[in-house]
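These notes are about the structure you will find just below.
There are 2 protein chains.
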Amino acid sequence: MDVSNQLKGSDYRAADSVVRALEARIAAGDLVDGDALPSERDLIETFGVSRTVVREAVAALASRGLVESRPRFRPVIRRPGYDAALAAADGVVGHLLARSGGVKNLYDTRVFLEAGLVRQAALSARKEHIDALELALRANENAIPDSEEFYKTDVAFHAVLYEIPRNPVFPAIHKAFTAWLAPHWVKMPRSPERNRVNFQRHSDIFTAIRDRDPDAAEAALQAHLSSAWEYVRGTFNEV
Amino acid sequence: MDVSNQLKGSDYRAADSVVRALEARIAAGDLVDGDALPSERDLIETFGVSRTVVREAVAALASRGLVESRPRFRPVIRRPGYDAALAAADGVVGHLLARSGGVKNLYDTRVFLEAGLVRQAALSARKEHIDALELALRANENAIPDSEEFYKTDVAFHAVLYEIPRNPVFPAIHKAFTAWLAPHWVKMPRSPERNRVNFQRHSDIFTAIRDRDPDAAEAALQAHLSSAWEYVRGTFNEV
DNA sequence: AACTATTTTTTGGTCTGACAAAAACAACAA
DNA sequence: TTGTTGTTTTTGTCAGACCAAAAAATAGTT
Numbered sequence: 000m001d002v003s004n005q006l007k008g009s010d011y012r013a014a015d016s017v018v019r020a021l022e023a024r025i026a027a028g029d030l031v032d033g034d035a036l037p038s039e040r041d042l043i044e045t046f047g048v049s050r051t052v053v054r055e056a057v058a059a060l061a062s063r064g065l066v067e068s069r070p071r072f073r074p075v076i077r078r079p080g081y082d083a084a085l086a087a088a089d090g091v092v093g094h095l096l097a098r099s100g101g102v103k104n105l106y107d108t109r110v111f112l113e114a115g116l117v118r119q120a121a122l123s124a125r126k127e128h129i130d131a132l133e134l135a136l137r138a139n140e141n142a143i144p145d146s147e148e149f150y151k152t153d154v155a156f157h158a159v160l161y162e163i164p165r166n167p168v169f170p171a172i173h174k175a176f177t178a179w180l181a182p183h184w185v186k187m188p189r190s191p192e193r194n195r196v197n198f199q200r201h202s203d204i205f206t207a208i209r210d211r212d213p214d215a216a217e218a219a220l221q222a223h224l225s226s227a228w229e230y231v232r233g234t235f236n237e238v
Numbered sequence: 000m001d002v003s004n005q006l007k008g009s010d011y012r013a014a015d016s017v018v019r020a021l022e023a024r025i026a027a028g029d030l031v032d033g034d035a036l037p038s039e040r041d042l043i044e045t046f047g048v049s050r051t052v053v054r055e056a057v058a059a060l061a062s063r064g065l066v067e068s069r070p071r072f073r074p075v076i077r078r079p080g081y082d083a084a085l086a087a088a089d090g091v092v093g094h095l096l097a098r099s100g101g102v103k104n105l106y107d108t109r110v111f112l113e114a115g116l117v118r119q120a121a122l123s124a125r126k127e128h129i130d131a132l133e134l135a136l137r138a139n140e141n142a143i144p145d146s147e148e149f150y151k152t153d154v155a156f157h158a159v160l161y162e163i164p165r166n167p168v169f170p171a172i173h174k175a176f177t178a179w180l181a182p183h184w185v186k187m188p189r190s191p192e193r194n195r196v197n198f199q200r201h202s203d204i205f206t207a208i209r210d211r212d213p214d215a216a217e218a219a220l221q222a223h224l225s226s227a228w229e230y231v232r233g234t235f236n237e238v
């Protein structure tokens, strides 16, 4: 399968052909998730291009999340999920967060999203999700003395909210949000007293959802996240 | 500035150092938006690495949206915005959309988001935004006979909704959504009658927002987008 | 036979040098 | 100033080489 029969200097890159060919193989299930990519020397033969081009192609695949490549190791095929899509934005988001107002923008987006989530949860969450929410709430309560554990159960509680719509996009978004905001979050001062307050807010949210009161749920969440923001706000030097 | 003094075979890639250095220069404003990147040979000298590494680094920069590189042209510095972040996910999203249920998942996310947008708009939109909305609505009305123009004004109307929170993340999301869903959208059959229905829905949404009725606004939007989905649904062969 | 230590082979990361074609630049003519 | 033509850079691609790390094969041990 020689893909290299194209004019030399056009607006194509030779690597593009290789990328497309490999993409097709992955999509077709010829190369299965978890498999290792063939060695560079193999690909050279298969596609009839130089190693330069092969490496470039593999790098492109990696940047698209179709393969995972650690230095010195054979790249591994990854059939990407919604989280991979968000992860692709990772590099840029880093720069955006560093910009003035970047964190606030992202955090506001999160608040907005979760406000919608709790509202919809109050309207149409299934019993299983409400149970899961209650379970997460209990875990959160038990972790009040241990700030580190509390953070984890905090995240887990919110994660349940993102699962309620049963749309795989949402959990991916949650993952991305926590990953992006975590670095700014860990600097926040923590204490059991503070944890107790946050737990109370979680409890309010849960109650409102269970009682099918969307407005109360949204209000509780808004209160929760706004006050949390005021807390982290101090850790920035930005406006 | 020689960055190459590292052990050869470690878990680093030499290109990473170059990437970081260039990132820093861009962030520092040393390399300004719109400028061309120095030539590869220059970078070789500057960083004391081989051309292989330089090219790899530039490719990485490009995949992160920090430079824009067309084949055969000097890469151009791009101080990335929120839209660049979403654009980075582009490659993966293509694959996700091809998957069964992919379009529905993304569309549902959009509906969810816009439901929240119109709700908040009804609650707190400023007069200027309501005016902008009305203007977009008028344009939409005038375009009823011309289906292609109608599509544009349709997008523009929704775009206003994304501007209301005055958070730059939202317009970027809108841009991404329309870019991703457009290919599936254009296949939808169009007609002035259909356009008129859609305009009426837009009008309902606008009225509800102007009258500060979040529930009505959300309901109108939900009705609008749900019926639109039923329309495009037929153009898929997926479940 | 199963496990470990050691040697051999393969492979990825980097470098050097080369060449064609396209782009950027400079000199010149209209 | 604008348009044409020739010269110099520069990018895309190739080929071959080297090193060190990983993977595979082998030998040795219990």
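Note that the protein sequences, when read in sequence, are chains R and Y. First residue of the first sequence? That's 0 in numbering that gives the first Met the number 0, and the numbers climb one at a time after it. First residue of the second sequence? That's 0 in numbering that gives the first Met the number 0, and the numbers climb one at a time after it. For glycine and all other residues, C-beta sits at the position ideal for the given N, C-alpha and C.
- In the structure shown, I76 of chain Y falls within a strand segment according to DSSP collapsed to helix, strand and coil.
- Taking 8 Å as the threshold, the shortest C-beta distance from S38 of chain Y to chain R does not fall below it.
- Under the DSSP assignment, K126 of chain R falls in the alpha helix (DSSP H) whose first and last residues are 126-141.
- For P164 of chain R, the chain Y residues whose C-beta falls within less than 8 Å of its own C-beta are D107, F111, listed in chain order.
- Contact between the region 70-89 of chain R and the region 40-57 of chain Y is absent: fewer than three C-beta pairs spanning the two stretches fall below 8 Å.
- When Cβ-Cβ separations below 8 Å define contact, P170 of chain Y makes no contact with chain R.
- The alpha-carbon of V110 of chain R is positioned some 7 Å away from that of L224 of chain R.
- In the structure shown, A88 of chain R falls within a coil segment according to DSSP collapsed to helix, strand and coil.
- In the structure shown, A35 of chain R adopts extended strand secondary structure according to DSSP, grouped into three states.
- Taking every protein chain shown into account, the CB of Q199 of chain Y has fewer than 16 other CB atoms within 10 angstroms, so this residue is exposed.
- Taking the Cβ atoms as the reference, H201 of chain Y lies roughly 10 Å from L160 of chain Y, outside the contact range of under 8 Å.
- Counting every other CB atom within 10 Å of its CB across the protein chains shown gives A181 of chain Y a total below 16, marking it as exposed.
- As a beta-bridge residue in DSSP terms, V66 of chain R pairs with R:I76.
- In terms of Cα proximity to R232 of chain Y, the closest of Y:N104, Y:L21, Y:D32 is Y:N104.
- The three-state secondary structure of D153 of chain R, taken from DSSP, is helix.
- Taking 9 Å as the Cβ-Cβ cut-off, the region 66-92 of chain R approaches chain Y at R69, P70, R71, R78, P79, G80, Y81, A83, A84, L85, A86, A87, A88, D89, G90, V91, V92, given in chain order.
- L112 of chain Y: member of the alpha helix (DSSP H) spanning 101-123, first to last residue.
- A56 of chain R is classed as buried because its beta carbon has at least 16 other beta carbons within 10 Å across all chains shown.
- Pairing I129 of chain Y with E192 of chain R, the inter-Cα distance amounts to about 44 Å.
- At a C-beta separation below 8 Å, A218 of chain R has no neighbours in chain Y, since its nearest C-beta there lies roughly 12 Å away.
- With respect to the 8 Å criterion, Q119 of chain R and P164 of chain R are classified as neighbours on the basis of their beta carbons.
- Note that the C-beta distance between A84 of chain R and L95 of chain Y is below 8 Å.
- For T177 of chain R, the enclosing alpha helix (DSSP H) begins and ends at 168-184.
- From the listed residues Y:I25, Y:L21, Y:F169, Y:A207, the smallest Cα separation to E113 of chain Y is found for Y:F169.
- Going by DSSP, D15 of chain R is part of the alpha helix (DSSP H) stretching over 13-26.
- Assignment of P144 of chain R by DSSP, reduced to helix, strand and coil, places it in the coil class.
- With at least 16 other beta carbons inside 10 angstroms of its own, E22 of chain Y counts as buried.
- Close to R63 of chain Y, with beta-carbon spacing below 7 Å, are these residues of chain R in chain order: G90, V91.
- Nearest in C-alpha terms to G115 of chain Y, of all of R:E217, R:D10, R:H183, is R:E217.
- Judged by DSSP in its simplified three-state form, D203 of chain Y adopts helix.
- For N104 of chain R, the C-beta contacts it makes with chain Y under 7 Å involve N166, P167, V168, in order along the chain.
- Distance from the Cα of S190 of chain R is smallest, within the candidate group R:P79, R:A138, R:A142, for R:A142.
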